[in-house]
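In full-length UniProt numbering, the protein residues as written are 1 to 417.
Just so you know, even glycine gets a beta-carbon here, dropped at the ideal spot from N, CA and C.
The structure under discussion appears below in the form of structure tokens.
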Amino acid sequence: MHLTQGQAANVLTFVGESPSRLNAGGRGVPQLEKVGTVAQWTMLGLLLLIVTVSSPAGFVLAAGIVGLMFVLRKRRRDRQAWEDATWSGTLKETVRVPGDGIENLAADASPQQVSSYVVPVEPNAAVNQPASSTKGSYLVSLGRAAWPNVEVVGEHAYGKAIKAALRANGALSARRTEGEAEGVGVELVAEPDNPHDANAISVRWRGRVLGYLSREDALRYKQPVRRIIASGLLAATTARIWGYDDGGQLRARVTVALPEPELIVPLNEAPAGLSTLLPWGSGIQVLKEENHFDILFSHVPTEGRGLLLVSLHKEINTLKNGTQRPFVEVRLDGKRVGELSNVTSAHLLPLLEHIEAVGETAVAYAKITGSALAAQLVLQAAKSTEISNDWLSSGPHPAPKLLPLAANYEVPAAYAK
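Have a look at this one:
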């Protein structure tokens with residue numbers, strides 16, 4: 001990959017470096033470059049003269065070489081001028097994620113969403129629920145690395161809102177008719193009063209509808225999204241938005257980042273009292289959970305997999321020789337359900353001691369998988385070395401307060417009429 005002089009200058013300016021570095025050794029200085037060009041052509045001329053004199057056929061060969069060099073040089077100059085005019089105006093590089101190439105191929109081929117949804121024409125004014133700053137946000141990713149994996153349908157009816165989102169994120173402008181925005185904050189809104197589907201879930205940016213989850217996805221995500229909303233929180237996630245404005249109808253594609261429905265909200269409630277929720281981390285196997293299957297059994301969901309909130313406690317194990325060895329005990333609703341190995345405990349104990357020193361209890365997410373025969377618990381907590389000083393000083397970090405698990409939740413009407 002090669003950058004033109006104009007592109008390289010813009011890149012250096014963007015990262016805080018001086019574009020004058022491009023001129024080191026005379027690069028980019030017209031006078032010096034002209035002298036170098038003259039010297040190159042002089043040497044080439046002498047070489048061609050020798051070839052021409054030495055052989056009659058050399059004259060034809062020399063003429064062909066000279067003509068070819070003129071053509072290539074002109075094409076290179078034209079290409080550089082076009083690239084400077086087209087690409088130097090923007091420095092925002094698109095971040096690629098797994099599967100991005102396939103999705104972009106589909107986008108380039110005039111993506112058409114196939115859905116049974118009947119979507120209304122976008123209203124002239126934003127009559128949707130406004131993006132409330134008084135409500136707290138519940139990130140459905142829970143801090144996990146997430147990429148847009150769920151397609152949104154009905155974007156064609158919400159071109160104005162999508163175009164506004166792209167412009168606000170610098171993806172579209174008066175000069176740019178096609179663009180893509182990554183990591184756009186969006187909200188999932190349940191619409192129980194939607195006349196087309198009582199399970200409908202709209203995807204909104206700053207209170208404006210960008211599209212809907214498909215009927216199938218809306219049914220899958222209905223329970224966790226409604227539980228979040230009924231608890232007084234906003235179901236927040238991120239989206240990738242692509243759009244092409246040809247001056248007529250906007251062609252657009254929106255995808256949102258959503259984990260599996262059973263891994264969005266915990267099956268139980270946060271423990272009572274002051275607590276600190278540890279950031280999401282790589283999986284840590286809980287040991288000796290088989291000794292507490294009588295407790296875990298009642299928390300295994302019918303789907304066989306779910307999310308729990310567990311508390312972590314520092315305990316002491318006294319060996320036969322009197323040596324005391326600290327370890328981390330895992331509790332579910334105040335009852336012991338396992339422990340961590342000595343090696344893993346050492347990674348978490350400094351963090352637990354810090355939290356206990358301020359009178360709070362460490363809480364973390366854990367995945368439970370199992371059946372009527374056995375259950376397995378995997379802790380999802382960041383280690384002490386993975387915690388930043390900003391996180392330690394920016395507390396508190398309480399676990400979100402959600403309504404207890406139920407079959408249905410009452411949520412307010414939110415359909416954009």
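Rounded C-alpha distance that separates residue i from residue j
i	j	result
Arg-226	Asn-321	55 Å
residue 433	Tyr-221	Lying before the first or after the last residue shown, residue 433 is absent from the chain, which here runs from 1 to 417.
Ala-364	Arg-325	23 Å
Ala-407	Ser-371	21 Å
Ile-264	Leu-307	7 Å
Ala-413	Leu-373	42 Å
Glu-260	Ile-368	14 Å
Leu-234	Thr-323	50 Å
Ser-394	Val-358	14 Å
Met-69	Ala-174	38 Å
Gly-207	Phe-293	45 Å
His-196	Asp-217	15 Å
Gly-283	Ala-200	33 Å
Thr-344	Pro-192	46 Å
Gly-143	Glu-353	23 Å
Asn-342	Gly-136	37 Å
Asp-333	Pro-271	6 Å
Leu-267	Val-328	22 Å
Glu-356	His-313	9 Å
Pro-350	Ile-228	32 Å
Ala-230	Pro-224	10 Å
Ala-85	Val-184	Caution is warranted here: a pLDDT of 46 is assigned to Ala-85, below 50, making its placement in the model unreliable, and no coordinate value can be reported.
For residue i, three-class secondary structure by DSSP
i	result
Glu-303	coil
Lys-383	coil
Ile-284	strand
Glu-187	strand
Gly-136	strand
Gly-395	coil
Gly-170	coil
Leu-278	coil
Gly-154	coil
residue 436	Past the edges of the chain, shown from 1 to 417, lies residue 436, and the structure says nothing about it.
Ala-375	strand
Leu-332	strand
Leu-308	strand
Leu-402	coil
Leu-142	coil
Leu-213	strand
Glu-122	Caution is warranted here: a pLDDT of 41 is assigned to Glu-122, below 50, making its placement in the model unreliable, and no coordinate value can be reported.
Ile-50	helix
Ile-264	coil
Glu-269	coil
Trp-41	helix
Ala-413	coil
Gly-64	helix
Asn-199	coil
Asn-408	coil
Asp-193	coil
Asn-149	coil
Gln-113	Any reading at Gln-113 needs caution, since the residue's pLDDT is 38, under 50, leaving its predicted position unreliable; the model's value is listed next. Gln-113 falls in the coil class under three-state DSSP.
Ala-218	helix
Asn-321	coil
Residue range of the alpha helix (DSSP H) that includes residue i
i	result
Leu-352	342-357
Ile-295	293-296
Identified DSSP bridge partners for residue i
i	result
residue 474	An answer regarding residue 474 cannot be provided, because it is not within the stretch 1 to 417 covered by the chain.
Trp-205	Arg-208
Gly-243	Gly-179, Ala-252
Gln-223	None, per the DSSP bridge assignment.
Thr-238	Gly-185
Rounded Cβ spacing between residue i and residue j (contact assumed at less than 8 Å)
i	j	result
Trp-280	Ala-382	7 Å
Thr-255	Glu-151	6 Å
Glu-339	Leu-287	6 Å
Ala-161	Ile-241	Incorrect: roughly 10 Å between the Cβ atoms, too far for contact.
Ala-366	Gln-376	Not quite, the Cβ-Cβ distance comes to about 10 Å (not below 8 Å), so this is no contact.
Asp-246	Leu-172	The pair is not a contact, with the Cβ atoms about 12 Å apart (cut-off 8 Å).
Ser-214	Val-153	5 Å
Leu-309	Ala-236	Incorrect: roughly 19 Å between the Cβ atoms, too far for contact.
Val-189	Thr-238	Rounded, the Cβ-Cβ distance is 16 Å, inconsistent with contact.
Ala-257	Pro-148	5 Å
Ser-311	Arg-331	5 Å
Leu-250	Gly-159	4 Å
Endpoints, beta strand (DSSP E) assigned at residue i
i	result
Tyr-365	361-370
Ser-231	Taken as a continuous stretch (DSSP letters only), Ser-231 belongs to no beta strand (DSSP E), as it is neither H nor E.
Lys-335	335-339
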